[in-house]
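Trainee:
Protein chains: 2
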Amino acid sequence: MEIFTHISDVKNYIHVKKIIGREIGFVPTMGALHEGHLSLIRASKNKELLTTASIFVNPAQFGPNEDFNKYPRPIEEDIELLKSVNCDVLFLPSVEEMYPEKAAVQMTMPLYTQKYEGEHRKGHFEGVMLVVAKLFNIVSPDVAFFGQKDFQQCAVVKQMVKDLSFPVKIEIIPTVREADGLAMSSRNRYLSAEERKKAVGIYQTLVYTKGLVQHEKNVENLIRHAYIYIEKFGFTQIDYIDIVQADTLQTLHIAEKENNPVMLITARCGTTRLLDNMYLYEN
Amino acid sequence: MEIFTHISDVKNYIHVKKIIGREIGFVPTMGALHEGHLSLIRASKNKELLTTASIFVNPAQFGPNEDFNKYPRPIEEDIELLKSVNCDVLFLPSVEEMYPEKAAVQMTMPLYTQKYEGEHRKGHFEGVMLVVAKLFNIVSPDVAFFGQKDFQQCAVVKQMVKDLSFPVKIEIIPTVREADGLAMSSRNRYLSAEERKKAVGIYQTLVYTKGLVQHEKNVENLIRHAYIYIEKFGFTQIDYIDIVQADTLQTLHIAEKENNPVMLITARCGTTRLLDNMYLYEN
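Residue numbers (numbering that gives the first Met the number 0), protein chains in the order written: chain W, 0 to 282; chain C, 0 to 282.
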């Protein structure tokens, strides 16, 4: 695996590969890799793309009271994991390399970010858009892979690519789960043993609602039942439960198959925020 | 000259040219071409770039009370002019092709746009950034050419390219002037004969200040003298006169050579806004 820390070096390397006809697959990450990330690498490798991962804990997407400094950075382990799935290239820039000065340009997408993670993490998606746009311009991927777990992020990135005509195909890869159903996340390592047990309640509530939607299409009722159901797991706080149209993230009133409804849940176990989502009609 | 109206067609054409090793020069315009635009095309041709112009009157960069509908669109004449300077490719999209729906993403750059054109034309630079980013992604130029006349636009585009690592080199080409010094502009055609005579006062004030700066470095004094000097030309309104640092557009107090000061003037002849600028120490 080739490892580059400088923008100019990774650009040059990829430029040469593109000239000889290689197509580039890109998996942007913040490191602390788990099976979810590796499934993105595998999806890229399966398409025979020259597979480039980035590891960059992007300060622009953390709020002032968030865990930027304590976000896990097990870089040696991450490199071994990337090698184990035959990742071709790792781009591993420093903050100074990515932001030699604070960016003057700001990207926003109010229609997609006023609720959910955008509401609870002010400035988060603005930081995501900035770094993703920048990474796309550096890596110039033909295909970029994102995990469905960060559902709102997927919608924001897809819309940004469409609005700005980025020459990148976005592939969303289904969430990888632990044996009990908990969505894999770099933040799961913050959970105490007791919290880890409760955590599965999010997944179970999603599955419960997916069953319920066969008989009950009213979104208000579905959400009310979900709140009642999730209560017993003893989360510290439920940040939100909602059912939205998958592409636009607009709230639905009726959860019919034609609307492609997705349930979004974010809840806290202690101080750890856990996100998950599920298409209510997928196979 | 190849003319494309669809994004996919121009992308495919350029993609093939890049594969065989051609480098792309890009001149984005809103049409109503004049010698200023043609100088950009010539600059690209002189570098032996496959030279692509775009003509797109971008609704996103016009305010609600501005001249989007009456902006001149002499497309047959523009095509002949482009052919006359051996432009290789023209991208001529419709509004529907560029914005099938209103873009959800918004780009801003408050540090660079709160004053001058950004203050007088709310939303203007947001629209410029949106369309320039989109056109860069469509045309994927190696070098893009902009005219110095729109000085603030040049600064905004350069900063956007830097912040987002667009793989594009920006070249700023000096303003082309009429015989009397008036900066060429698509909007000059709106001027009555009488207004046309007054219009040269902007250029003359810039030249006057460039002379004065040899003896007087205090920016406040220079601007005061410029207001007194320009008064005699009888402009309807002076929108602003200022002296700024060329790259950051920050106001200067002392106009010394090391600060690379530029004087910006925008004034109205009747209802026509005329912009011009000059480096106070250039050769």
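Note that beta-carbon positions come from the ideal geometry of N, C-alpha and C, so glycine has one too.
So that I know if they touch, is there some Cβ in chain W lying closer than 8 Å to that of I6 of chain C?
Mentor: With 8 Å as the cut-off, I6 of chain C counts as an interface residue toward chain W.
Trainee: Mind listing the chain W neighbours of N136 of chain C? Cutoff is C-beta to C-beta under 7 Å, in chain order.
Mentor: Going along chain W in sequence order, the residues near N136 of chain C (Cβ under 7 Å) are L163, S164, F165, P166.
Trainee: How is the beta strand (DSSP E) around D179 of chain C delimited, first residue to last?
Mentor: Run containing D179 of chain C: none; DSSP gives neither H nor E here.
Trainee: Check for me: the beta strand (DSSP E) holding C268 of chain W runs from which residue to which?
Mentor: Residues 260–268.
Trainee: Looking at the C-beta of S139 of chain C, does it have a partner C-beta in chain W at a distance below 8 Å?
Mentor: It does; some Cβ of chain W falls within 8 Å.
Trainee: Give a yes or no on whether 8 Å exceeds the smallest Cβ distance from Q284 of chain C to chain W.
Mentor: Not covered by the structure: residue 284 of chain C. The range shown for chain C is 0 to 282.
Trainee: For the segment 49–73 of chain C, list every residue whose C-beta sits within 9 Å of some C-beta in chain W, in sequence order.
Mentor: From the segment 49–73 of chain C, no residue has a Cβ closer than 9 Å to chain W.
Trainee: Identify the residues that DSSP records as bridge partners of I169 of chain W: which are they?
Mentor: Paired residue(s): W:A143.
Trainee: As a quick exercise: from W:C268, W:S83, W:A198, W:Y278, pick the residue whose alpha carbon is nearest that of H36 of chain W.
Mentor: When each option's Cα is compared against that of H36 of chain W, the closest is W:S83.
Trainee: Cutting at 8 Å between CB atoms, please list the residues of its own chain near N302 of chain W, excluding the five before and the five after it.
Mentor: What the structure shows of chain W is the stretch from 0 to 282, and residue 302 of chain W is not part of that stretch, so it cannot be assessed.
Trainee: Output yes if chain C places a C-beta closer than 8 Å to the C-beta of Y12 of chain W; else output no.
Mentor: Chain C contact via Cβ: absent.
Trainee: Measure the beta-carbon distance from L91 of chain C to I54 of chain C and round it to whole angstroms, keeping in mind my assumption that it falls under 8 Å.
Mentor: So it is a contact: roughly 5 Å between Cβ atoms.
Trainee: Using a Cβ-Cβ cut-off of 8 Å, state whether L211 of chain C counts as contacting chain W.
Mentor: Not closer than 8 Å to any Cβ of chain W, the Cβ of L211 of chain C fails to qualify, so no.
Trainee: Tell me, please, whether the segment 225–232 of chain W touches the segment 181–194 of chain W by the rule of three or more beta-carbon pairs shorter than 8 Å.
Mentor: Cβ pair count under 8 Å is below three, so no.
Trainee: Assign I172 of chain C to buried or exposed, taking buried as 16 or more other Cβ atoms, counted over all protein chains shown, within 10 Å of its Cβ.
Mentor: The residue in question, I172 of chain C, is buried, as its Cβ has 16 or more Cβ neighbours within 10 Å.
Trainee: Answer with yes or no whether the minimum CB distance from A102 of chain W to chain A is below 8 Å.
Mentor: The structure shown contains no chain A; the protein chains it does contain are W and C.
Trainee: Restricting to Cα atoms, I'd like to know which of C:M29, C:L89, C:E34 is closest to F67 of chain C.
Mentor: If we check each option's Cα against that of F67 of chain C, C:M29 comes out closest.
Trainee: Closer than 8 Å, Cβ to Cβ, to anything on chain C: give me those residues from the segment 80–114 of chain W, in chain order.
Mentor: Answer set for the segment 80–114 of chain W: A102, A103, V104, Q105, M106, T107, M108, P109, L110, Y111.
Trainee: Considering only DSSP beta bridges, list what F3 of chain W is partnered with.
Mentor: Its beta-bridge partners are W:F90.
Trainee: Going by DSSP, what residue range makes up the alpha helix (DSSP H) through F150 of chain C?
Mentor: It spans 150–162 - the alpha helix (DSSP H) in which F150 of chain C sits, taken as one unbroken run.
Trainee: For my contact list, G146 of chain C and T112 of chain C are in at a C-beta cut-off of 8 Å; report their separation, rounded to the angstrom.
Mentor: That belief does not hold up - the Cβ atoms of G146 of chain C and T112 of chain C are roughly 18 Å apart, past 8 Å.
Trainee: Who does Y278 of chain C pair with in a DSSP beta bridge?
Mentor: Its beta-bridge partners are C:V261.
Trainee: Go to G210 of chain C, then tell me how far its beta strand (DSSP E) extends in each direction, as first and last residue.
Mentor: Segment 200–211 is the alpha helix (DSSP H) holding G210 of chain C; no beta strand (DSSP E) there.
Trainee: For the alpha helix (DSSP H) containing S83 of chain C, name the first residue and the last one.
Mentor: It spans 74–83 - the alpha helix (DSSP H) in which S83 of chain C sits, taken as one unbroken run.
Trainee: Examine chain W for any beta-carbon lying closer than 8 Å to the beta-carbon of Q158 of chain C, and answer yes or no.
Mentor: Yes, Q158 of chain C lies at the interface with chain W (some Cβ there is under 8 Å from its Cβ).
Trainee: Taking the alpha-carbon of K209 of chain C as reference, which of C:E116, C:G126, C:E281 has the nearest alpha-carbon?
Mentor: Among C:E116, C:G126, C:E281, the Cα nearest to that of K209 of chain C belongs to C:E281.
Trainee: Which partner residues does Y239 of chain C have in the DSSP bridge list?
Mentor: DSSP, once it has assigned bridges, lists C:T265 as partnering Y239 of chain C.
Trainee: Count the other CB atoms within 10 Å of the CB of S139 of chain W; is the residue buried (16 or more) or exposed (fewer)?
Mentor: Buried, because 16 or more other Cβ atoms sit within 10 Å of the Cβ of S139 of chain W.
Trainee: Apply the 10 Å Cβ neighbour rule to V94 of chain W and answer buried if 16 or more other Cβ atoms are within range, or exposed otherwise.
Mentor: It counts as exposed.
Trainee: Name the chain W residues whose beta carbon is nearer than 7 Å to that of A132 of chain C?
Mentor: Those within 7 Å of A132 of chain C in chain W are L163.
Trainee: Kindly indicate which residue of W:T204, W:F135, W:K256 has the alpha-carbon position closest to the one of I23 of chain W.
Mentor: Closest by alpha carbon: W:F135.
Trainee: Just how far apart, CA to CA, sit A103 of chain C and A59 of chain C?
Mentor: Computed Cα separation, rounded: 12 Å.
Trainee: Which residue marks the beginning of the alpha helix (DSSP H) containing A225 of chain W, and which one marks its end?
Mentor: Looking at the DSSP string, the run of the alpha helix (DSSP H) that includes A225 of chain W is 218–230.
Trainee: Are there three or more Cβ pairs, one per stretch, closer than 8 Å when the segment 258–269 of chain W is compared with the segment 234–249 of chain W?
Mentor: Touching, per the Cβ criterion.
Trainee: Which word fits N57 of chain W, buried or exposed, when buried means at least 16 other C-beta atoms lie within 10 angstroms of its C-beta?
Mentor: Per the 10 Å Cβ criterion, buried.
Trainee: Excluding five sequence neighbours on each side, which residues of the same chain lie with their C-beta closer than 7 Å to the C-beta of E234 of chain C?
Mentor: Reading the sequence as shown, one finds Phe at residue 234 of chain C and not Glu. Within the same chain, F234 of chain C has close Cβ partners K197, G200, A266, R267, C268.
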